[in-house]
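Here's the structure we're looking at; comments come further down.
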Amino acid sequence: MRVRVPGASLVLLLSLLLISCHRSFLSKSAYSSKSAYLLCSVKENNLPLTNAQRFGFFSSNLWKDYEENLKSEIAVFGATPGYILWYLQMGDDFPVQIAEHNKKLGTYTVINQDIASTGFTPEKNEQLLKEIAEGKWDEYLRRFARQARDLDYKVYYRFGYEMNGNWFSWGQKKKLFVNAWRHTWKLFKKEKADNVEWVFSPSVVWGELTFDNDILPYYPGDEYVDIVALDGYNFGDDHDQYHKWESFIDVYSASIAGLMNFGKPMWIAEIGCPSDPRRYQWLRDFLEFFDTNGCFEVFFWFNENKVGEPNFRIDGDDASLLVFREWAQRINRKSGVSDEIASLKMPAYKSQ
Numbered sequence: 043m044r045v046r047v048p049g050a051s052l053v054l055l056l057s058l059l060l061i062s063c064h065r066s067f068l069s070k071s072a073y074s075s076k077s078a079y080l081l082c083s084v085k086e087n088n089l090p091l092t093n094a095q096r097f098g099f100f101s102s103n104l105w106k107d108y109e110e111n112l113k114s115e116i117a118v119f120g121a122t123p124g125y126i127l128w129y130l131q132m133g134d135d136f137p138v139q140i141a142e143h144n145k146k147l148g149t150y151t152v153i154n155q156d157i158a159s160t161g162f163t164p165e166k167n168e169q170l171l172k173e174i175a176e177g178k179w180d181e182y183l184r185r186f187a188r189q190a191r192d193l194d195y196k197v198y199y200r201f202g203y204e205m206n207g208n209w210f211s212w213g214q215k216k217k218l219f220v221n222a223w224r225h226t227w228k229l230f231k232k233e234k235a236d237n238v239e240w241v242f243s244p245s246v247v248w249g250e251l252t253f254d255n256d257i258l259p260y261y262p263g264d265e266y267v268d269i270v271a272l273d274g275y276n277f278g279d280d281h282d283q284y285h286k287w288e289s290f291i292d293v294y295s296a297s298i299a300g301l302m303n304f305g306k307p308m309w310i311a312e313i314g315c316p317s318d319p320r321r322y323q324w325l326r327d328f329l330e331f332f333d334t335n336g337c338f339e340v341f342f343w344f345n346e347n348k349v350g351e352p353n354f355r356i357d358g359d360d361a362s363l364l365v366f367r368e369w370a371q372r373i374n375r376k377s378g379v380s381d382e383i384a385s386l387k388m389p390a391y392k393s394q
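Heads up, the sequence shown is in my numbering, so the first residue is 43 and it goes up one at a time.
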């Protein structure tokens, strides 16, 4: 996750010219309503899943003392999640011990693969997609695939997430991204890592739709993708001059229709909303949407309070924590929040 920043005016102008002859899956007018809307109804075969099995999270607290800190994070959410997000840089080995521990819990590991490394120069990071496509990383990627295969448990791989954004070194390099994705996918198949599912995970489209921030130009093709997902955040009013308080629908509506056109299972791969007295209602609206629309299988909460970014921690205020815990402990999905929560008065706001 990175904060969106505006590009140079010339780049934007050229992009707008290109988009005039570019066919996009996205619609500027679709789902413009700020109220909840129905995309697809809940399917009967989804009902046996508990809500806890339908969410995951990321927390940098897990980077140290994984097992103990995972217990602490689970205690915060009030339920063991179905998934854990784990970020890796290029050159990092597959996290065998972490994935094995998750497997014992019945929790799936989702690898968020950066196509970059803090150990490389910026110039080196800019070349990584090209190097991958040319086979220069084959030894590393094949070893990684074997490590994932030997887990003998499903693993999800978010290769080069948010590739349509302008905040990562691998971002907005359409042809290079597709070539690198397909090459890596083929290596995994050669190593028979068939337990790995591939998650195509762009950012939601922000601002004006352009050829660079659109989703379709980066799509590797149906054969190479198992799941499609979106990353999107409400950054709130106080973060910077480019952001304002936005509902879930504000953030996601322009992108969801395009995602559905791929005909793949759908995730919300990263989502967050800053701690604020308004977040209580924001969460209720989002969870109602998620429960109502059965086409979305999973969402992942970005449970972080990073320096320079909003406080997305779910325990940043009592009201939000109460809403989320009640939802996570529910046996089955259903539309709306429970009568118990609906009748509660908003608890006192706790700033952290």
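All residues carry an ideal CB built from backbone N, CA and C; glycine is no exception.
Please list, in chain order, all residues of the same chain as residue i whose beta carbon is under 7 Å from its beta carbon, the five residues on each side excluded.
i: Q444; result: Nothing in the structure corresponds to residue 444, since the chain is present only between 43 and 394.
i: Q95; result: G124
When the Cα atoms are used, what is the spatial distance from residue i to residue j?
i: A72; j: D256; result: Any answer about A72 is weak, because its pLDDT of 38 lies below 50 and its placement is not dependable; what the coordinates show is given next. Answer to the nearest angstrom: the Cα atoms are 15 Å apart.
i: F366; j: P244; result: 25 Å
i: S297; j: V246; result: 6 Å
i: S101; j: I313; result: 13 Å
i: F230; j: L183; result: 8 Å
i: G336; j: E165; result: 43 Å
i: S385; j: E351; result: Legend: pLDDT at S385 = 40, less than 50; position of this residue unreliable, no value from coordinates given.
i: E86; j: D333; result: In this prediction, E86 has a pLDDT of 47, which is less than 50 and means its spatial position is unreliable; what the coordinates show is noted afterwards. Between E86 and D333, the C-alpha separation is close to 13 Å.
i: C63; j: N347; result: Here the model assigns C63 a pLDDT of 40, short of 50, so the residue's position is not dependable, and the following value carries that caveat. Taking the straight line from one Cα to the other gives about 41 Å.
Whose C-beta lies closer than 6 Å to the C-beta of residue i among residues of the same chain, with five residues either side of it excluded?
i: Y195; result: K145
i: R224; result: P262, Y266
i: I116; result: T122
i: N111; result: N103, L104
i: A271; result: V241, S243, W309, A311
Measuring CB to CB, does residue i end up less than 7 Å from residue j?
i: Y199; j: I153; result: yes
i: Y260; j: N206; result: yes
i: S362; j: R321; result: yes
i: F242; j: L171; result: no
i: A187; j: A235; result: yes
i: G98; j: Q371; result: no
i: N276; j: S211; result: no
i: W287; j: G274; result: no
i: K306; j: I356; result: no
i: G177; j: S159; result: no
i: V151; j: V118; result: The amino acid at residue 151 is misidentified as Val; the sequence shows Thr. In this structure, V118 does not lie closer than 7 Å to T151 by Cβ.
i: Q214; j: N221; result: no
i: N93; j: W369; result: yes
i: F342; j: L127; result: yes
Could you give the residue range of the beta strand (DSSP E) that holds residue i?
i: I126; result: 125-130
i: E312; result: 308-314
i: R200; result: 197-201
i: F100; result: 97-100
Could you give the first and the last residue of the continuous alpha helix (DSSP H) run that contains residue i?
i: Y108; result: 108-119
i: D180; result: 180-192
i: V293; result: 290-302
i: V267; result: From DSSP, V267 is part of no alpha helix (DSSP H); its letter is neither H nor E.
i: N345; result: Neither: N345 is in no alpha helix (DSSP H) and is coded neither H nor E.
i: A158; result: A158 -> no alpha helix (DSSP H), and no H or E assigned at all.
Residue i CB to nearest chain C CB: under 7 Å?
i: L329; result: Chain labels in this structure do not include chain C; a single protein chain is all it has.
Kindly list the residues whose CB is nearer than 8 Å to the CB of residue i, restricted to its own chain and excluding five residues on each side of it in sequence; keep chain order.
i: N237; result: A190, R191, L193, D194, Y195, K196, V197
- Task: Would you list, in sequence order, the uninterrupted beta strand (DSSP E) runs of no fewer than 3 residues that lie entirely inside the stretch 206-248?
- Result: Listed in chain order, the complete beta strand (DSSP E) runs (minimum 3 residues) inside the stretch 206-248 are 238-242.
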